[in-house]
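Numbering (the numbering used here), first residue to last: 2 to 187.
Ideal Cβ placement from N, Cα and C applies to all residues, glycine included.
Note that the structure is a prediction, hence the values are computed from the model and not measured.
Remarks on the structure that follows.
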């Protein structure tokens, strides 16, 4: 099932096998399409989908709160680089757009801008998707954490969407997924 427009933003999922467990929901795949690129593992047994379903619903509940104002106008490649520096890399970097490393990582966590990975195997391809609510827009920045920091830019996709459109895609996918799961798990 695909909800949205792959050339801008879409959620695609497939239920291979449904389970009655609400925490697991189903075995299958969950990927995000951003500007024509696919982020996530698109295999029939990539992941249990319960966490991805919960994450979409959590994003709906927290609409408008995925904000780090200092990042609103920063280049997407610089944000991706800073994110990887702060979270993963051993670096001497001390300035993260006027924030310390600790302040930057705290802002990332408290605002829940990291959508993917979402805790399941769905994004074991190294994909990262950041969501920033900026006024009445949503800014998506997606990239793959490669072995070489210099290669990250080649994997980068960025999309600005009207917030109503973005959250509409999330809501519609959630409804359709819940219905498909209910049908297949009974």
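Query                                                                                                                                             : Result
In chain order, which continuous runs of the beta strand (DSSP E) of length 3 or greater are located wholly inside the stretch 3 to 31?           : 3 to 6 and 10 to 19
At what residue ranges does the stretch 78 to 161 contain a whole run of the beta strand (DSSP E), taking only runs of 3 or more?                 : 115 to 117, 128 to 135 and 138 to 145
Would you check if there are 3 or more beta carbon pairs closer than 8 Å linking the stretch 87 to 96 to the stretch 39 to 48?                    : no
Among residues of its own chain, excluding the 5 on either side of residue 50, which ones have a beta-carbon nearer than 6 Å to its beta-carbon?  : 26, 27, 29 and 31
For residue 125, which residues in the same chain have their Cβ closer than 7 Å to its Cβ, ignoring the five residues on either side in sequence? : 42
Check the C-beta distance from residue 159 over to residue 142 and give it rounded, since I have them as a contact under 8 Å.                     : 5 Å
Distance, Cα to Cα, residue 93 vs residue 130?                                                                                                    : 25 Å
So, helix, strand or coil for residue 67, using DSSP?                                                                                             : coil
Along the beta strand (DSSP E) that carries residue 36, what are the first and last residues, could you check?                                    : First-last for residue 36: undefined, no H or E at that position.
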